[in-house]
Structures are given as structure tokens and as C-alpha cells.
Amino acid sequence: MAPTISFVSPALHPKAEALPFSSLPPPPSGSGSGSYRSRGNLLFSPSKSKHSISISRLASNPPPSTPEKPPEIELEFVGPKAGEDGSYPVDRASAISGEKLLRNIMLDNKIELYAAYGKVMNCGGGGSCGTCIVEIIDGMELLNEKTDTEKRYLKKKPESWRLACQTIVGNKENAGKVIVQRMPQWKK
1 MAPTISFVSP ALHPKAEALP FSSLPPPPSG SGSGSYRSRG NLLFSPSKSK HSISISRLAS
61 NPPPSTPEKP PEIELEFVGP KAGEDGSYPV DRASAISGEK LLRNIMLDNK IELYAAYGKV
121 MNCGGGGSCG TCIVEIIDGM ELLNEKTDTE KRYLKKKPES WRLACQTIVG NKENAGKVIV
181 QRMPQWKK
């Protein structure tokens, strides 16, 4: 009997390579050697005569390549009031570029965002109250453009002031450092 050539389909076994292998076809039903049974990639014969076995080789998986680390934005948040020694307290955080609003980064890192009134009366990030004002001291180019909401609320404020709930940190491609003055309206 001539061997037949078959292939293991990756669809049947995702880790199997499409490698050729040989197997002998079952004998015709009238040959008297018994019936054959198939299980997966193995073919079994109940008789004590020759057995036909097909085996597929699993592909050796190369170690997964380490995905490139997404760009990150480092943030420094300067407190509104100087301490007894005259220095301003600084909180630090970092975020993947383009994934979060400045407000969420501050809240996630437990960095104070609102003054007393804003803690009670803020809109929850909807851009309708103006209580999450921050000043961008450095790194303005790493943030999104001002939204129409910001332009409306900050019409008579310095150009460096932003609403934290409307400010996206990064654009998924840039990296760098942003320095933020918290509650600039209370700075003394």
C-alpha cells in the first residue's frame, strides 16, 4: 500500500504547524483485518496486525515579544499654598499618553482638586461648573486643545488655566512632563 500525505490544519489545532506526515489508509472493508477507529490525530485498529498512527508536531512557541511600552506623561501637581518653610508641596503621578482626563488622574491618585465649595458643588466631570480649574505651568503642548466648554468658562482667565475635567493628558504618541498648579485662584 502506498502511504498518503496529510496535513494538520492550524484550525483544528491552533498550536500545530502545517507539517506533512504520513499515514497508511485503512484497508478496504472486505480485507478481514477488522474495523478501524479514529480518535483525534491517531488511527487505531482493533486487530493485532499493523497499526496506522498519525502524529502531528506542536509548534514550539517562541517567547512572546515584549510589546513596546506606550508613551507616558509624568505629572507634578503644585499645591496652592506654601508650607511653613516657604516651599510649595508637590504631588507626582504618571499616566499613559492620551488615555485619561487630568481630573481622573488627580482623583485616582488622591490629589486634591477642589476647594471647599467645589468638593460639594462640582458637576462630577461634566464640564458644567468650572470648579476644577488648574493652571498649566509647563507642558501645555502635551495636552489637548481647549474645548468649547473651557473657552466659555475660562473666557476672562489666563490662557494657562484649564478645566481638569476637559483636559486630556497626551495624545497617545507624545511623552514628557506636565507641571500643574492646583487651585490657582487660591494661590498665595
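In full-length UniProt numbering, the protein residues as written are 1 to 188.
For glycine and all other residues, C-beta sits at the position ideal for the given N, C-alpha and C.
Each of Lys110, Leu107, Met106 and Gly130 was checked against the Cα of Tyr117, and the nearest Cα belongs to Gly130.
Linking Asn171 to Gln185 through their CA atoms gives a straight-line distance of about 28 Å. When rounded, the separation of the alpha-carbon atoms in Gly125 and Lys100 is 12 Å.
For Ala95, the enclosing beta strand (DSSP E) starts and ends at Val90 to Ile96. Inclusion of Glu145 and Arg162 in the CB contact set at 8 Å is not warranted, their separation being larger than that value.
For Leu102, no beta strand (DSSP E) run applies; the uninterrupted alpha helix (DSSP H) run containing it begins and ends at Leu102 to Asp108, by DSSP. Sixteen is the threshold: when 16 or more other Cβ atoms of the shown chains lie within 10 Å of the Cβ of Cys165, as they do, the residue is buried. Residue range Glu72 to Val78 is occupied by the beta strand (DSSP E) that includes Glu74. Looking at the DSSP output, Glu141 bridges to nothing. Per the coordinates, the alpha-carbon of Ser94 lies some 10 Å from the alpha-carbon of Gly176.
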